[in-house]
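Visitor: All you need for the working numbering is the position in the sequence shown, starting with 1, plus 90.
One structure follows; several queries about it will come next.
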Amino acid sequence: MTGTSRVLEIEQVIQQVRGVISAKVVAGDDGSIIEVHVLADATRSPKQVVRDVESAVLVQLGIHLDHKKISVAQIQGEEAAVLVPEARPQLGGIELSTSGIQAEAKVTVFFNGEPFEGKVLGPNVVKNRLRLVAMAALGAVEAFLGGTARFMLEDVQKVSFAGREVIMVGVSLVTPRGEDTLLGTAMSSGDDREAVARAALDAMNRRLALLKRD
C-alpha cells in the first residue's frame, strides 16, 4: 500500500465516524502518521470523537493512531445551525451521448428525493468522456446549492488498489469563504461512468454539511 493510498483509506474511515464532517491526515516521507485533523459537529465531546476515531481506524484498518496526534475542531453556533447531514446526494441516472465530434453527459442526483440535473457538453474524445460525467455530477450539486458554491474539476484518474480498479477525482471548491481542494474515490465494478460520478459526489459529500442552500 502506498503512503497516499494509506492516507486516503484512513481519511475515509474517519469520515464515517458519527459526528465527523471531514478529516485530513498528514503523513511523513516514511509513511508514518504525523497529524490527524478532524472537523466535527458539536453533538459529542472532542474526547469522544478522538476515541471513536482511534477505534474505527484500528478495527477497520488495523492501524493504531496515537491520540496525541489527533486534533478535533468543532462547528458550533450559527455554523452548526446550517449543518444538513440529511441532504446526502443519491446518484440517479447517467447519460452519455455522442454525435460526431461532440459529447454530452447528463447526471441526475437526488437530494431528499428531489432530482437535480447537471448537463455538460464537450469534445468527443475518449479520455474526456469520464471528465464530462464528473463535471455533470458536480453541476447537479451546484444546481442543488442554488449558486452558493462552485466546483471545478481538477483531475480524474483510474488506479489499481488492493486488486481493484479505483476512480479518483480531484475537485476545487469555491465559496465566499475561499477555495479548497477535495478528493473523492469510488471502486469501479466495470462501469467507469458510474464510478466517476460517485467519486465526484464523494469528493464534496462531507462539505455539503457546511454549505447553506439559499
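For glycine and all other residues, C-beta sits at the position ideal for the given N, C-alpha and C.
Our contact map puts A73 next to V103 with C-beta atoms below 8 angstroms; I'd like the distance itself, whole angstroms only.
Guide: Shown here, the chain extends from 91 to 304; a query on residue 73 therefore has no answer.
Visitor: Find out if the Cβ-Cβ distance for the pair K217, K196 is shorter than 8 angstroms.
Guide: Against a cut-off of 8 angstroms, the Cβ pair of K196 and K217 comes out as no contact.
Visitor: If distances are taken between C-alpha atoms only, which option among G190, G152, H127 comes closest to I160?
Guide: When only C-alpha atoms are compared, the closest one is H127.
Visitor: Is DSSP giving E165 helix, strand or coil here?
Guide: In the sequence under discussion, the amino acid at residue 165 is Ile, which differs from the Glu named in the question. Here I165 sits in strand by DSSP.
Visitor: Below 8 angstroms, how does it come out for the stretch 217-235 and the stretch 281-300: are there three or more Cβ pairs, yes or no?
Guide: In short, these stretches touch, since the Cβ pair count reaches three.
Visitor: Within 10 Å of its beta-carbon, does E269 have 16 or more other beta-carbons around it, so buried, or fewer, so exposed?
Guide: Classification for E269: exposed.
Visitor: Do you know offhand how far G212's Cα is from V143's?
Guide: Approximately 42 angstroms, taken between the alpha carbons.
Visitor: Measuring CA to CA, which of G190, P179, D120 is closest to G203?
Guide: With distances taken between Cα atoms, G203 lies closest to P179.
Visitor: Which of helix, strand or coil does DSSP assign to S145?
Guide: Looking at S145 - three-state DSSP - the assignment turns out to be helix.
Visitor: Are the CB atoms of V223 and M242 nearer to each other than 8 angstroms?
Guide: Not a contact, by the Cβ cut-off of 8 angstroms.
Visitor: What number of angstroms, rounded off, separates the C-alpha of D119 from the C-alpha of H154?
Guide: Approximately 18 angstroms, taken between the alpha carbons.
Visitor: Give the range of the alpha helix (DSSP H) segment to which R221 is assigned.
Guide: Element bounds for R221: 216-235.
Visitor: At which residue ranges does the stretch 245-273 contain complete beta strand (DSSP E) runs of 3 or more residues, listed in the order of the chain?
Guide: List check, beta strand (DSSP E) in window: 254-265.
Visitor: Can you check whether the CB of H157 is closer than 8 angstroms to the CB of V140?
Guide: Yes, the Cβ-Cβ distance between V140 and H157 is below 8 angstroms.
Visitor: Go ahead and label A252 buried or exposed: buried means 16 or more other beta carbons lie within 10 angstroms of its beta carbon, across all protein chains shown.
Guide: It counts as exposed.
Visitor: With a 10 Å radius around its C-beta and 16 neighbouring C-beta atoms as the bar for buried, classify S112 as buried or exposed.
Guide: Per the 10 Å Cβ criterion, buried.
Visitor: Is the distance from the Cβ of V286 to the Cβ of V256 below 8 angstroms?
Guide: No, the pair does not count as a contact, with Cβ atoms beyond the cut-off.
Visitor: In the DSSP assignment, find the alpha helix (DSSP H) that holds D292 and state where it starts and stops.
Guide: Per DSSP, D292 belongs to the alpha helix (DSSP H) from 282-295.
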